[in-house]
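The block underneath contains the structure these notes are about, expressed in structure tokens.
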Amino acid sequence: MKQAFTIAICLLMVAALACKKKKNGPPEAPYPYLPTEMHYRETQCSNPWTGINLTEAQLKTKVQEWLQANGFEITQIKITGKAPITVCAACTCYTGRMVEVVFEKEEDIDRSRPFGFHRPLEKYNK
């Protein structure tokens, strides 16, 4: 009787663990993204704007000037260290900094893609 009870408990535990739902799709964002937010992974020297080894403030200014010169209307620019870091010295290698831009208009989302901007988490889920 004791063995049957132990086996029944074990089977219930296995069944409970087997029924756990798996989440498919992109991982949960660490904070809610805005509908017109786009990200750009900064590279060593192949960014659309000019300048290398810029400070955070210099980079923010360069990006803002470049976006405005190309007709983009922006609400917010933020520089973070959220991009994966690669160890290499080529122009196309990433620095580990992420440029996060919130555009005023939705049509700027598609216009920004050819320059390397992407939706948050989009690059990491392919």
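If you use mature numbering (1 follows the signal peptide of the UniProt record, and there is no 0), the sequence shown corresponds to residues -18 to -1, 1 to 108, in order.
Glycine included, C-beta positions come from ideal geometry on N, C-alpha and C.
If we count the other Cβ atoms within 10 Å of its Cβ and call it buried at 16 or more, is residue i buried or exposed?
i: Ala71; result: exposed
i: Glu38; result: exposed
i: Ala11; result: Bear in mind that the predicted position of Ala11 carries a pLDDT of just 47, short of 50, making it too unreliable to give a figure here.
i: Asp92; result: exposed
i: Thr25; result: buried
i: Thr(-13); result: exposed
i: Met20; result: buried
i: residue 110; result: Here the chain covers residues -18 to 108 and nothing more, so residue 110 does not appear.
Measure the C-alpha to C-alpha separation of residue i and residue j and round it to an integer number of angstroms.
i: Lys60; j: Cys73; result: 22 Å
i: Ser94; j: His100; result: 8 Å
i: Phe85; j: Ile(-10); result: 56 Å
i: Tyr22; j: Gly98; result: 6 Å
i: Ala(-15); j: Lys64; result: 53 Å
i: Leu16; j: Lys42; result: 19 Å
i: Thr62; j: Glu82; result: 8 Å
i: Gly78; j: Ile67; result: 4 Å
i: Lys87; j: Lys44; result: 20 Å
i: Ile34; j: Cys27; result: 6 Å
i: Val69; j: Gln58; result: 29 Å
Identify the continuous alpha helix (DSSP H) that holds residue i and give its terminal residues.
i: Gln40; result: Glu38 to Ala51
Smallest Cα separation from residue i: which of the options?
i: Pro96; options: Ala(-15), Asn29 and Thr57; result: Asn29
Since residue i is in the beta strand (DSSP E), which residue starts that stretch and which ends it?
i: Lys60; result: Ile56 to Thr62
i: Thr25; result: Glu19 to Thr25
Minimum length 3: unbroken beta strand (DSSP E) runs contained in the stretch 69 to 100: 76 to 85
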